[in-house]
Amino acid sequence: MDHLLEKTIKREVLFEGKVIDLHIEEVELPNGHTSRRELIKHPGAVAILALTDENKIVMVQQYRKALDKVIVEIPAGKLEKGEAPEVTAKRELEEETGYDCETLTPLISFYTSPGFADELVHLFIAKDLKKIENPASLDEDEFVDVLEVSLDEALELLREKKIYDAKTAYAVQYLQLQKAIGE
Numbered sequence: 001m002d003h004l005l006e007k008t009i010k011r012e013v014l015f016e017g018k019v020i021d022l023h024i025e026e027v028e029l030p031n032g033h034t035s036r037r038e039l040i041k042h043p044g045a046v047a048i049l050a051l052t053d054e055n056k057i058v059m060v061q062q063y064r065k066a067l068d069k070v071i072v073e074i075p076a077g078k079l080e081k082g083e084a085p086e087v088t089a090k091r092e093l094e095e096e097t098g099y100d101c102e103t104l105t106p107l108i109s110f111y112t113s114p115g116f117a118d119e120l121v122h123l124f125i126a127k128d129l130k131k132i133e134n135p136a137s138l139d140e141d142e143f144v145d146v147l148e149v150s151l152d153e154a155l156e157l158l159r160e161k162k163i164y165d166a167k168t169a170y171a172v173q174y175l176q177l178q179k180a181i182g183e
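According to the UniProt record's numbering, the sequence shown is numbered sequentially starting from 1.
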């Protein structure tokens, strides 16, 4: 595999933001030629497949400026510096939905778009949910509606393209597979 590696010759940081940084890197390719890579650096994120005792999926509906539309997603959020993914998951679940959970199980971690970004999303399943009387507040620039939907309703939201992001589609299809194999 070493024969596929690209060696960084030069790195320039073009932008450092609240959520992402943008780097331009000049690299030496395996054939000795050079190329330029535009890279997004991201601290990582969590996503939570939260299931109620009635087997409803807790989701949030929110406007996404990059898409210029409202979509339905599972709760998710960015890792804070030095914060363990489990801690972020519990915090985001509370902030976005008003729930806490007794059981938080890691499911999988995946890169969202490795061709240009290093964002790693840690997906958890949350069960044994408890409504919190005074939950932590959302970020001041965050506005969501909380939904609780059945698997069939979530599949319909996928078909209608109201669920349109990979982490949520993955979570819903994971549940569909679990149902199909009887787990």
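Here a beta-carbon is modelled for each residue, glycine too, at the ideal position from N, C-alpha and C.
According to the Cβ coordinates, are residue i and residue j closer than 7 Å?
i           : j    : result
E95         : A136 : yes
I20         : I40  : yes
E148        : V13  : no
L120        : L107 : no
V46         : T88  : yes
K7          : E28  : yes
E92         : G77  : yes
T168        : E73  : yes
T97         : P75  : yes
L129        : C101 : yes
L177        : L151 : no
residue 184 : E26  : Residue 184 cannot be examined here, being either before or after the span of the chain that is shown, 1 to 183.
Find the nearest neighbour of residue i within the set the options, judged by alpha-carbon distance.
i           : options                  : result
P30         : A45, L14 and D2          : D2
L51         : Y99, R37 and P43         : Y99
residue 185 : F15, G32, I24 and E16    : Nothing in the structure corresponds to residue 185, since the chain is present only between 1 and 183.
S109        : E25, A180, Y170 and Q176 : Y170
Y164        : V144, G82 and R64        : R64
T112        : Q173, P43, T97 and E102  : P43
H23         : L157, Q173 and D118      : D118
Q62         : D141, I48, K90 and I181  : D141
K81         : K18, R36, R159 and A166  : K18
P85         : L104, D68 and K69        : L104
K56         : K69, K127, E38 and A166  : K127
residue 219 : E83, F116, D68 and E133  : Residue 219 falls outside the range modelled here, since the chain spans only 1 to 183, and no answer is possible.
Bridge partners for residue i per DSSP, in chain order?
i   : result
K10 : E26
E38 : I24
E16 : D21
For residue i, count neighbouring Cβ atoms within 10 angstroms of its own Cβ and tell me buried if that reaches 16, exposed if not.
i           : result
A66         : exposed
I125        : buried
residue 207 : Nothing about residue 207 can be reported from this structure: the residues present for the chain run from 1 to 183 only.
V146        : exposed
I48         : buried
K90         : buried
Continuous alpha helix (DSSP H) assignments of at least 4 residues falling wholly in the UniProt domain "Nudix hydrolase" (40-171)
85-97 and 151-159
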